[in-house]
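For reference, the structure discussed in these notes is given below.
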Amino acid sequence: MSEQTSFKTLRDTPISEYLTPGSPLCGGCGGEIIVKLALKALGSKTILVSVPGCLALFELYPYTSLKTPMLFAPFPAGPAAAQGIVDGIEALVSKGRVSNPGAKVLLLTGDGAAYDIGLQATSAAIHRGLDFYYLCYDNEAYGNTGFQFSGSTPLAASTSTTPAGSGLRKKDLFEIWRAHNPPYVATVAASRPVDLLRKFEKAQRFRGPKLFIALGVCPTGWGSDPALTVRLDKLAVETGIFPLKEAVYGRVRHTYIPRSRKPVEEYLRHQRRFEHLFKPVRRDDLIRQIQEDVDRYWENVREWVGYAWHRNNKGSHLRAGGGGCSRLHQEKLPSRL
Numbered sequence: 003m004s005e006q007t008s009f010k011t012l013r014d015t016p017i018s019e020y021l022t023p024g025s026p027l028c029g030g031c032g033g034e035i036i037v038k039l040a041l042k043a044l045g046s047k048t049i050l051v052s053v054p055g056c057l058a059l060f061e062l063y064p065y066t067s068l069k070t071p072m073l074f075a076p077f078p079a080g081p082a083a084a085q086g087i088v089d090g091i092e093a094l095v096s097k098g099r100v101s102n103p104g105a106k107v108l109l110l111t112g113d114g115a116a117y118d119i120g121l122q123a124t125s126a127a128i129h130r131g132l133d134f135y136y137l138c139y140d141n142e143a144y145g146n147t148g149f150q151f152s153g154s155t156p157l158a159a160s161t162s163t164t165p166a167g168s169g170l171r172k173k174d175l176f177e178i179w180r181a182h183n184p185p186y187v188a189t190v191a192a193s194r195p196v197d198l199l200r201k202f203e204k205a206q207r208f209r210g211p212k213l214f215i216a217l218g219v220c221p222t223g224w225g226s227d228p229a230l231t232v233r234l235d236k237l238a239v240e241t242g243i244f245p246l247k248e249a250v251y252g253r254v255r256h257t258y259i260p261r262s263r264k265p266v267e268e269y270l271r272h273q274r275r276f277e278h279l280f281k282p283v284r285r286d287d288l289i290r291q292i293q294e295d296v297d298r299y300w301e302n303v304r305e306w307v308g309y310a311w312h313r314n315n316k317g318s319h320l321r322a323g324g325g326g327c328s329r330l331h332q333e334k335l336p337s338r339l
């Protein structure tokens, strides 16, 4: 069933800008694109909370590029700071000092805070039902302090603390958050801006935690071309490495299923952090392992949605198989994949 939305095409993107040019972030930062779009969807009455991380650079005087208020909090304390702002607004409303302000509190963190250092506080905030938005820009390492390994670092990725490549798979933060049964959880990508705008618009219907994970392409840490940020983001989606989905009170729906999944190698070879997989000796074992992990994920999805993948040397292609394949993006999944 289709849903009402104000964002049908890119032409519907609000023209108002709440993030101005000239920020001190690295050229080609994927996180900056995500925040720019998120603020367009949430509007001018958005109060930002940030913790140590790349996007904390937004608030550095005199280089701040935000047109919205922003509070800086300690690494694990972002949800607590957001709680304080929400409680303060509610107190002002109850005393009649403001009336229906329509303010939204948006917590910005990187994967270091979301996956590791702030996970406990976030769990508690979701459990309390805190009415806030949480946006994790996931660049898959501690990007602001030298690109060290984090709980989000993918298998085989080289970081400053895993120079030979990580031997661990990244945590599934979407499932960790979803297990708390919040009103809304979603993944978003800079390469699919309309999908992102629709999800932030949809989240505004709910009271309680609204949680987002965005792949934050990081040219500095990943060793990629800053000019290829959106292209690399798109490859993450088209290879199936970064699925676009949402969960409303635990019920999952994939908002985009690539009909022709590209081989993961097309995504990996554009990043210096995976360079050791291709030279001096090609590591087919690791490339195959990464591909198998992605294939396994989509096979699990297939079991519920009803389609089949046909593989050839150009990737995986979608074929109908027992259930409304022409409307895959509208199919709903049960609470667990």
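Going from the sequence shown to the working numbering is simple: count from 1 and add 2.
Yeah, the Cβ is synthetic: ideal placement off N, Cα and C, and Gly gets one too.
Please read all numbers here as calculations on a predicted model, not as lab measurements.
Hey, how far is the Cα of residue i from the Cα of residue j?
i	j	result
Q85	W224	34 angstroms
L21	T70	8 angstroms
R416	K281	This structure leaves residue 416 out entirely; the chain is present only between 3 and 339.
L330	A93	Low per-residue confidence applies at L330: pLDDT is 38, beneath 50, and the placement is therefore not dependable, though the value from the model is reported in the following sentence. The straight-line gap from Cα to Cα measures roughly 45 angstroms.
P221	I292	21 angstroms
T164	Q122	25 angstroms
I87	G145	27 angstroms
S328	G29	Note that S328 scores 31 on pLDDT, short of 50, meaning its location in the model is unreliable; the coordinates nonetheless yield the value given after this. Cα to Cα, the separation comes out at about 39 angstroms.
L57	D174	22 angstroms
S154	D113	6 angstroms
Q6	F149	41 angstroms
Q332	L12	Confidence is the limiting factor: at Q332 the pLDDT is only 39, short of 50, which leaves the residue's position unreliable, though a coordinate-based value still follows. Computed Cα separation, rounded: 21 angstroms.
K42	L199	8 angstroms
T15	V196	8 angstroms
V296	G98	53 angstroms
F214	L68	20 angstroms
G167	R274	11 angstroms
A322	V307	Because the pLDDT at A322 is just 44, under 50, the model does not fix this residue reliably, and the point stays unresolved.
D287	V187	34 angstroms
R194	L108	21 angstroms
L59	V95	32 angstroms
G90	A83	11 angstroms
R298	L246	16 angstroms
N102	W300	44 angstroms
R285	P185	42 angstroms
V283	R290	15 angstroms
S162	P23	30 angstroms
F276	E305	31 angstroms
F170	V100	The sequence given here has Leu at residue 170, not Phe. In a straight line, the C-alpha of L170 is about 50 angstroms away from that of V100.
G325	A143	Summary for G325: the model assigns pLDDT 36, below 50, so the residue's position carries little reliability; its value from the coordinates is reported in the next sentence. Rounded to whole angstroms, G325 to A143 spans 39 angstroms at the Cα level.
S25	E294	39 angstroms
Can you tell me the Cβ-Cβ gap for residue i and residue j, rounded? I've got them flagged as a contact below 8 angstroms.
i	j	result
Y117	S160	Actually they do not touch by this definition, with Cβ atoms about 18 angstroms apart.
Y139	A249	Not quite, the Cβ-Cβ distance comes to about 19 angstroms (not below 8 angstroms), so this is no contact.
T241	V219	Contact flag wrong, Cβ pair sits at about 14 angstroms.
K106	K38	Between K38 and K106 the Cβ distance is about 16 angstroms, and since that is not below 8 angstroms, they are no contact.
I36	A192	6 angstroms
L137	L110	5 angstroms
G55	G120	About 10 angstroms; that fails the 8 angstroms criterion.
E34	L27	5 angstroms
N302	Y251	About 21 angstroms; that fails the 8 angstroms criterion.
Going by C-alpha to C-alpha distance, which of the options sits closest to residue i?
i	options	result
F9	T22, T189, A40, I35	A40
R209	R274, V95, E5, F134	F134
A263	F244, F149, I49	According to the sequence displayed, residue 263 carries Arg and not Ala. It is F244 whose Cα lies nearest to the Cα of R263.
K172	N141, A188, L199, T147	N141
H272	K236, P23, R99, G33	K236
L157	G80, G55, H278	H278
Y269	L59, R233, G32, E294	R233
T189	K212, L170, N183, G169	K212
L44	G104, E305, P23	G104
T124	G32, F77, V239, S25	F77
A238	G32, L170, P23	G32
T147	S25, E294, A115	A115
Less than 8 angstroms between CB atoms is the rule here; does residue i satisfy it with respect to chain D?
i	result
Y139	The structure shown contains no chain D; it holds only a single protein chain.
Hey, is the segment 57-65 in contact with the segment 257-275, meaning 3+ C-beta pairs nearer than 8 angstroms?
no
Let me know the beta strand (DSSP E) ranges lying completely inside the segment 43-101, each 3 residues or longer, listed in chain order.
48-52, 72-74
Quick check: the segment 201-208 against the segment 225-235, are there 3 or more CB pairs under 8 angstroms?
no
Would you check if the segment 123-138 and the segment 176-185 touch, i.e. whether three or more CB-CB distances between them fall below 8 angstroms?
yes
What runs of the beta strand (DSSP E), each 3 residues or longer, lie entirely inside the segment 117-174?
135-140
Below 8 angstroms, can you find three or more Cβ-Cβ pairs linking the segment 48-60 to the segment 72-79?
yes
Give, in chain order, every unbroken run of the beta strand (DSSP E) that is at least 3 residues long and sits entirely within the segment 177-237.
186-190, 212-217
Write down every uninterrupted run of the beta strand (DSSP E) in the segment 244-300 whose length is 3 residues or greater and which is fully enclosed by it, in chain order.
246-250, 253-258
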